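Order-wise, the sequence lines are chains L and B.
Heads up, the first sequence is in this note's numbering, so the first residue is 717 and it goes up one at a time.
Heads up, the second sequence is in this note's numbering, so the first residue is 717 and it goes up one at a time.
Where a beta carbon is used, it is the ideal one built from N, C-alpha and C, also for glycine.
Note that the structure is a prediction, hence the values are computed from the model and not measured.
First comes the structure, then the notes that go with it.
There are 2 protein chains.
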Amino acid sequence: MDRRVVLGPGDDCAVVKTAGNLQLLKSDCIVEGIHFLADADPMWVGWKAMCRSISDIASMGGLPLDALVTVAIRSDVEFEWLKELYRGLRKAASTYLVNLVGGETARSPGPLFLSVTLTGMAEKGKYVSRSGGRRGDWLFVTGKLGGSIDGKHLRFSPRVREARWLVGRFPIHAMMDLSDGLGSDLPRLAAASGVGFEVALKNLPLNKGLRSGKRSTGRRRLRTAFSRFRGPSNRALNSNGRKPSPGLQLTPIGRLVDSGRYEFEQKGFDHFRGST
Amino acid sequence: MDRRVVLGPGDDCAVVKTAGNLQLLKSDCIVEGIHFLADADPMWVGWKAMCRSISDIASMGGLPLDALVTVAIRSDVEFEWLKELYRGLRKAASTYLVNLVGGETARSPGPLFLSVTLTGMAEKGKYVSRSGGRRGDWLFVTGKLGGSIDGKHLRFSPRVREARWLVGRFPIHAMMDLSDGLGSDLPRLAAASGVGFEVALKNLPLNKGLRSGKRSTGRRRLRTAFSRFRGPSNRALNSNGRKPSPGLQLTPIGRLVDSGRYEFEQKGFDHFRGST
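Spelled out as structure tokens, the structure:
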């Protein structure tokens with residue numbers, strides 16, 4: 717790694733110095749039979765593939781800029797299907813002001829592979845990694861949890877504007893995209909930050925039809941619908957669950973604590989408030 | 717596309733303005749059963765995957781900088797195999813001073829899929845696309861053609877230093893990576909430049925065991941061993957086949973001519989010299 721590299725592998729994106737700002741780099745892929753089924757709507761498959769990387773850029777507090785799309789295609793895939801796939805890719809790109817600047821098409825003797833690479837920009841000193849969390853930080857999620865169960869996992873909306881809003885106004889220490897679900901991803905943030913966590917299950921903002929006791933364990937079911945930012949932050953941004961602009965639902969769900977303690981508790985939020 | 721995008725899809729790389737220089741972006745993938753066989757040496761599979769993208773950056777006259785690697789893996793792939801794959805990726809990266817800054821691993825229910833994205837840098841106004849060729853330009857290849865037939869297709873060496881050397885010294889109008897072979901790739905350069913070409917088969921610098929009459933047509937056989945630059949250039953760089961530093965074999969093979977004419981001729985080089 718040369719000195720231009722601010723942050724290498726292991727976070728949502730890599731961070732590289734450019735002459736002006738920091739450059740964010742993210743590559744992600746989705747595979748037929750793993751991340752989507754053969755009968756899924758190709759438009760939403762394309763949307764999802766693009767939005768996964770956009771969401772990772774957002775979760776660093778960055779602005780997505782340019783995308784490269786690489787597809788390996790089964791020979792029996794119909795042209796119409798591919799057209800719809802690219803319509804979804806383009807729709808997501810234009811929604812988030814991303815330039816589709818290139819890519820590659822190859823044949824696949826097996827399932828369809830779709831890889832999206834995205835560059836992004838963050839102001840110097842303003843990117844937010846997973847590793848900045850500190851003991852005592854509040855833990856927040858944006859939006860609601862559990863939406864992936866109804867097939868919404870294809871249609872999620874990356875929180876670019878919301879993340880930029882948060883990062884611009886509050887001293888967010890750590891932030892992360894919830895792609896595998898709280899139970900899988902929160903330990904990653906804690907480990908990267910060298911801390912533990914306590915989360916009150918009662919406080920989780922769940923989608924209708926989900927109870928906090930019902931935690932799904934399958935990898936596919938845990939894949940969540942929205943990029944949700946857990947922003948351990950200062951007191952200015954906490955505990956009353958108020959909606960900050962731009963219409964962002966921000967819910968305090970717990971705290972970062974001493975390392976070694978990974979706890980999802982049945983107790984409610986008052987517990988945490990009491991321990992402040 | 718916003719105004720930062722200098723060059724979008726269709727060339728070897730995308731080109732994007734940054735505060736200082738131009739940024740090159742390239743994504744490429746290789747798929748088991750298409751680009752390599754299951755029994756191939758995984759070290760060289762990794763090498764090839766990284767070098768394909770490096771070669772594309774080189775073919776624009778750029779310096780490769782940062783790489784993202786995305787792999788989708790069959791569940792029965794052994795850990796040792798993967799370790800060797802990454803050894804090859806890292807070996808290529810360190811050989812060409814590329815930072816491996818991130819990536820993603822996913823499962824594949826089918827063949828192994830390996831995608832490498834690379835950023836690169838080119839000085840403003842110094843990148844060389846496929847589309848700048850002009851009628852009357854000389855056509856050159858670097859190195860020898862036809863090496864892919866002996867399985868050398870995995871072990872090729874991108875010509876980063878050589879391309880930078882050429883671009884820094886001569887007014888190269890167009891340049892391109894020969895990845896599918898002269899017969900497939902030259903028409904692409906010609907089409908992008910709005911010109912035709914005449915190539916003298918007798919002048920092609922072929923590897924031992926190949927005669928110019930023996931042209932392979934299968935896609936896999938046409939994949940070539942080295943990135944070779946066809947640099948239509950000025951008189952300073954032509955016609956005597958001398959080796960410019962850094963030890964680069966540069967062979968004039970023909971000319972760019974009026975659009976519509978795509979000709980591989982049996983005649984030798986004197987024909988072209990005569991027509992100047």
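*Report yes if the C-beta distance between T835(B) and A735(L) is below 8 Å; otherwise report no.*
At least 8 Å separates the beta-carbon of T835(B) from that of A735(L).
*Under a Cβ-count criterion, where at least 16 other Cβ atoms within 10 Å of its own Cβ denotes burial, should R946(B) be classed as buried or exposed?*
Legend: pLDDT at R946(B) = 41, less than 50; position of this residue unreliable, value from coordinates given subsequently. Per the 10 Å Cβ criterion, buried.
*Neighbour-count burial assignment, F795(B), 16 or more Cβ in a 10 Å radius*: So F795(B) counts as exposed.
*Kindly indicate which three-state DSSP category A890(B) falls into: helix, strand or coil?*
Looking at A890(B) - three-state DSSP - the assignment turns out to be coil, as it is neither helix nor strand.
*Quick one: is A809(L) near chain B, going by C-beta distance under 8 Å?*
No, because no Cβ of chain B sits closer than 8 Å to the Cβ of A809(L).
*asked:* If we define contact as Cβ-Cβ less than 8 Å, is T992(B) a contact residue for chain L?
replied: With a pLDDT of 38 at T992(B), under the threshold of 50, the modelled position of this residue cannot be trusted, and the question is left open.
*Coarse secondary structure for D782(L), derived from DSSP in three states*: Strand at D782(L).
*Excluding sequence positions up to five away, which residues of its chain have a Cβ less than 6 Å from the Cβ of F695(B)?*
Within the shown structure, residues of chain B are numbered from 717 to 992, placing residue 695(B) beyond reach of any answer.
*Does the distance from the C-beta atom of A906(L) to that of S775(L) stay below 8 Å?*
Result no, Cβ atoms of A906(L) and S775(L) do not sit closer than 8 Å.
*Under 8 Å between the Cβ atoms of E800(L) and P758(L)?*
Cβ atoms of E800(L) and P758(L): closer than 8 Å.
*Looking at the structure shown, is S895(L) part of a helix, part of a strand, or coil, going by DSSP?*
Per DSSP, reduced to three states, the secondary structure at S895(L) is coil, with no helix or strand assignment.
*In its own chain, which residues sit with a C-beta less than 8 Å from the C-beta of L753(B), not counting the 5 before and 5 after it?*
Closer than 8 Å at the Cβ level, and outside the excluded window around L753(B), lies no residue.
_Given 8 Å, three or more beta-carbon pairs between the region 765-774 of chain B and the region 873-893 of chain B_ = A contact is defined here as three or more CB-CB pairs under 8 Å, and the region 765-774 of chain B meets this definition with respect to the region 873-893 of chain B.
*Taking any Cβ of chain L, which residues in the region 776-791 of chain B have a Cβ under 7 Å from it, in chain order?*
Residues passing the 7 Å Cβ filter: D782, L784, T786, A788.
*Straight-line gap, Y802(L) to G762(L) (C-alpha atoms, nearest Å)*: Taking the straight line from one Cα to the other gives about 6 Å.
*Drop a sphere of 10 angstroms on the beta-carbon of A941(L), count the other beta-carbons inside from all chains shown, and report buried for 16 or more, exposed for fewer.*
With a pLDDT of 23 at A941(L), under the threshold of 50, the modelled position of this residue cannot be trusted; read the value that follows with caution. The residue in question, A941(L), is buried, as its Cβ has 16 or more Cβ neighbours within 10 Å.
*Expressed to the nearest angstrom, what Euclidean distance is found between the alpha-carbon atoms of I750(B) and P825(L)?*
When rounded, the distance between both Cα atoms is 7 Å.
*Local Cβ density within 10 Å of Q982(B), reported as buried at 16 or more and exposed below that*: By the 10 Å Cβ count, Q982(B) comes out exposed.
*asked:* Can you pull the chain B neighbours of S845(L), defined as C-beta to C-beta under 8 Å?
replied: Correct list: empty, because the minimum Cβ distance to chain B is about 12 Å.
*Identify every residue that forms a DSSP beta bridge with D792(B).*
None; D792(B) has no bridge partner.
*the region 801-815 of chain B / the region 838-851 of chain B touching (three or more Cβ pairs under 8 Å)*: Contact fails: fewer than three Cβ-Cβ distances are below 8 Å.
*Residue from G884(B), L917(B), L870(B) with nearest C-alpha to D755(B)*: Minimum Cα distance to D755(B) is reached at L870(B).
_Integer-rounded CB distance, given that N737(L) should sit under 8 Å from M837(L)_ = Between M837(L) and N737(L), the beta carbon gap of about 5 Å places them in contact (Cβ cut-off 8 Å).
*Do you know offhand how far G819(L)'s Cα is from C745(B)'s?*
Each residue's alpha carbon lies about 9 Å from the other.
*Are there 16 or more other CB atoms within 10 angstroms of the CB of L813(L), so buried, or fewer, so exposed?*
Classification of L813(L): exposed, given that the 10 Å Cβ count is below 16.
*Identify whether S831(L) lies in helix, strand or coil by the three-state DSSP scheme.*
Reduced to three states, the DSSP call for S831(L) is strand.
*Interface residues of chain L around R823(B) at Cβ under 8 Å?*
Within 8 Å Cβ-Cβ: V747, I750.
_Test item: CB-CB of L882(L) and L920(L) under 8 Å_ = The criterion of a C-beta distance shorter than 8 Å is not satisfied by L882(L) and L920(L).
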